[in-house]
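Quick notes on the structure that follows.
Residue numbers (my numbering): 230 to 1501.
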């Protein structure tokens, strides 16, 4: 149970945007002039914009860097001042910043905190409550930004084109504009995109003995004298300084505002500051001082350095700051020496089961003394697992945003697009029952799969090496026995999927290697000084791996708020990115063979040989196993260390040895961080994965179907957003190595649609182009070397945190944690009352309607919080312009059960008259004319007599049939079109409408015979005179009649649809009679219905109006909740391969998930009556004519919070108990049977269901079966 996740940062294919809207301070700035903060921020923005425009439009060569350019990833940025048009007394002005940038919010904000915080401080210091970025930590500044961030509902940005790509493409085009052939190819292959700082440094100062060389003019720029290079940027700097210093009138020196301007000046003009403080340019400074002495002295004054930045980049401490190694799970800081392992994806039915599991789980710690042959144990949780352990929705939302969102939602930022998109993942098999024999399934295997949203935890077991190597079968038996011991502790522990893993080793050297034949695990970062390298330190802070410790850019550990138990839980834990990567060895070997063969055929007498090993080395950046230099990187000189890891690319700046796009160069450019880079946080991860699948046997490579094999990638890090996600985005299409993102990682990259992917590199002075995967035919299915099967984010807690999680879970037991909050509801009530006082009753009425009925209000639990506040703070009832709201469960029941004429239902009658006609549903019982009793008896009795088990079976069969038909149709279409695969997305209405139509026929006898009705759902394009639809025409009249305050559109449509349905029903019954449908037949043959077709028609229509909208609404809302919570996938995983024997079995299987979801989102939410006498309800004095709104959903939510499985308040009471309310629904139990049949079909179907790409949809896909052979 949680609010909808609001993702404020828009993202599309790796490009993101965000907008910050901050209220401007009231009053005047501390200056001589009477200047408001709004005016000052306008002055600042105009000055900055003017300076930028001059730099781009007036300067002949813009050499000085721009603060936006230095960030390096901003496509566009705009800052505006928003002013209220009505100029009201209490109007609020805002500063609005919008930015479109490459990558994720976390990585982007880190860079602007590093490089542009002082500029933004100059602007946003004019807003209320601003947290100065330069003086505060990245975390605290980011919290302020997020608090003022507004949601991006729509984003369009040019996909797959980074800011650095535009620079590269300009440089490339300049080369080919003036040169061609091998010489031009060589220049382009060697292009490394210079940063704006590099451009300025080479253009102004002496670098490598040359001055004035423009690095963007690759291969052609000519050097200048130092004077010629310096004069234009010096003059530009003077002009910029003059414009900037004018702002000192509004940011007076000597004040803190003046400090902000001084800081910003140094950030805006860093090269000019260097020039005016360098004796080389003394003559220029002397001349400039004659006119700008004050400004120059101001800028030449060294700026202050904020305390949070003084020690950056933070040097690793001499001693590892780990206080208690025994609190850290093993295998994170130090790798296990193991060749066999397994992962078990787990789900916990309730917190009590999770607590029982943790009670017996003994995880291995960093301090444990390990013995050969020992089984080591680790556990990590998804965000859903932490919720199940007891973290509230509010607590969860304080965790890192990328973890809360999860890997699937971050797919575009990670580059998991096209064939790696989550919608195309080949999900884990539901294979626990297969145990040690659980295979890795090929594509198209029909075995049941599990959704990653149903996973709460991953249990990881590894068997340590012993003197005598254990056979795989024996190792798996030992691991399987330990898994069984753990999961059999409690029936609520549900093992979902096993993933077996093992190390691959080179047969000659016995070194670890992957299936492609490369040494594995040689480049992980180190923590201790004694392990650091000389050429590339490779040493990182403990805070890069474990949470709760400083890192290179944060002296205060992020998420270190000890008063927040969710943050305290993070200490000594680590986030884990888990990805199953399928390796297509056969495809790689085909490409290697083809490429080397073609190279040999085209080679001239002087051309260098391109061997298979050489090509593999160029693709990876290291030599493969089997080569004499196996594991060594492609560097001019071999690294001196045994692990071949002490190297950088300083001696290979043009990628003549190791290509820019080689895997290891993309994943880690090995750039050292200097003082000039203070605030940067280069991404580092600790890899702890293992291979899966059998070793590659070259002799069997071409024989039959290839075995499934690949890598179970596991990376630990303290920040998924700043570490793993950055590295992953580099591999899929970033500019980390300084070249175009259009060339992806040779192994992990994906071909563009309709493009044969190529790898270009230099070899022995020649430009080589190798075709990899993909096709030049637009819709051909690619065959990537590596395909993402599935993935997820986890958190591996410390041992102390595991103990806390056990305690929290045990304290919750079986009781659900509710997301609504009475305090929040009370604030909303106060807001609504303020609207009433200021804007009047009509405006307040609309506001209350929005708060109680709007879907967005429901999804964020605003209405649930209001109901809770009324129950807990207002005695259970509250007078509002919307009506007297009754929230307490017992009071709601009294509204339903009123039998002494205090309340009446007859307020429905005028609406009924304009729709279906007068029904007993709008009459009070116990009246002298006994009309209610006469008209309701036969209908209610027939409905209550409906066969519930039969209804369940029919609903299940219809849902299965509809699904099966659509799948078969889709497969037939695909086969007819010659497609190799099929895909189907089903909107929920495509399932619900046929289901309800089937019961319109079975219970009420409707059909399309005679042309009176159409078998169709709700349609906007229906016009009067056309046959009404079933179930479609029975929805809107219900809203019209039963909503307390329907709007004009509902009234018009509801009246028209009801009238059309009534007329069609009369004509249908006149032609066909009662049919054999039980409800219609009972009413038709009743004493009251005998010979009165209009009465029968409106009564049957009314009964359908009670059944269809209620079932329709509950089905949709429960399914939506199940999709949001992952409940459907959890149930499918739990009951994979089994079917409910009957209705009662289905009820027992689903009730613990079905009933709470229905209680949370009950339909109808509101039931209204009209007061006929003065009375008191919950302390509210009620007057005749008052509308009494009973919160049926409030009553069910109250039961949910108390752990009571009572849903009958949603039906107006339980008609099967003595003394039931007059209008309690007779069809409650049959309706339940229908809904359980529907959901049982979804849970039981063997079709490969998964969440669809649009809200309230399901997707299925698969391979098109081969055609059956013709008969002999």
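All residues carry an ideal CB built from backbone N, CA and C; glycine is no exception.
Range of the contiguous alpha helix (DSSP H) that encloses residue i
i: residue 700; result: Looking at the DSSP string, residue 700 is not in any alpha helix (DSSP H), and its letter there is neither H nor E.
i: residue 1384; result: 1372-1389
i: residue 432; result: 425-433
i: residue 1168; result: 1160-1173
Contact under 7 angstroms by Cβ, residue i with residue j
i: residue 1428; j: residue 1116; result: no
i: residue 937; j: residue 671; result: yes
i: residue 543; j: residue 902; result: no
i: residue 1024; j: residue 610; result: yes
i: residue 1290; j: residue 1330; result: yes
i: residue 809; j: residue 941; result: yes
i: residue 893; j: residue 855; result: no
i: residue 690; j: residue 606; result: yes
i: residue 784; j: residue 913; result: no
i: residue 1264; j: residue 1178; result: no
i: residue 592; j: residue 634; result: no
i: residue 360; j: residue 373; result: yes
i: residue 1507; j: residue 1322; result: No information on residue 1507 is available, as it lies outside the stretch 230 to 1501 that the chain covers here.
i: residue 694; j: residue 568; result: yes
i: residue 1340; j: residue 1217; result: no
Per-residue DSSP class, three states only, for residue i
i: residue 1003; result: strand
i: residue 1210; result: strand
i: residue 477; result: helix
i: residue 294; result: coil
i: residue 600; result: coil
i: residue 1137; result: helix
i: residue 383; result: coil
i: residue 362; result: coil
i: residue 809; result: strand
i: residue 509; result: helix
i: residue 571; result: strand
Range covered by the beta strand (DSSP E) that runs through residue i
i: residue 323; result: 323-331
i: residue 925; result: Segment: none, residue 925 is in no beta strand (DSSP E) and carries neither H nor E.
i: residue 538; result: Neither: residue 538 is in no beta strand (DSSP E) and is coded neither H nor E.
i: residue 1019; result: 1015-1025
i: residue 352; result: Note, residue 352: premise wrong, no beta strand (DSSP E); alpha helix (DSSP H) at 346-353.
i: residue 304; result: 303-311
i: residue 252; result: 244-252
Residue i CB to nearest heavy atom of the ligand SAM below 6 angstroms
i: residue 943; result: Looking for the ligand SAM in the displayed structure turns up nothing, as the structure carries no ligands at all.
Contacting residues, own chain, Cβ-Cβ under 6 angstroms from residue i (five flanking each side not counted)
i: residue 1203; result: 1211 and 1493
i: residue 329; result: 246, 304, 305 and 386
i: residue 1297; result: 1241
i: residue 1458; result: 1177
Cutoff 7 angstroms; reference residue i; Cβ partners in own chain excluding five residues on either side
i: residue 307; result: 327
i: residue 1104; result: 1407 and 1408
i: residue 875; result: 762, 763, 764, 765, 868 and 869
i: residue 254; result: 266, 355, 356 and 357
i: residue 1232; result: 1175, 1306, 1307 and 1308
i: residue 1089; result: 232 and 233
i: residue 524; result: 470, 471 and 474
i: residue 490; result: 351, 476, 477 and 480
8 angstroms CB neighbourhood of residue i in its chain, flanking five on each side removed
i: residue 679; result: 574, 656, 657, 658, 659, 725, 726, 1358, 1361, 1362 and 1365
i: residue 288; result: 461 and 465
Give the list of continuous alpha helix (DSSP H) stretches no shorter than 4 residues that lie fully inside the segment 1255-1338. 1265-1271, 1277-1301 and 1307-1313
Kindly provide the ranges of any beta strand (DSSP E) runs that are 3 or more residues long and lie completely inside the segment 1397-1479, ordered along the chain. 1404-1406, 1409-1411 and 1416-1420
In chain order, which continuous runs of the beta strand (DSSP E) of length 3 or greater are located wholly inside the segment 922-1000? 939-946 and 985-992
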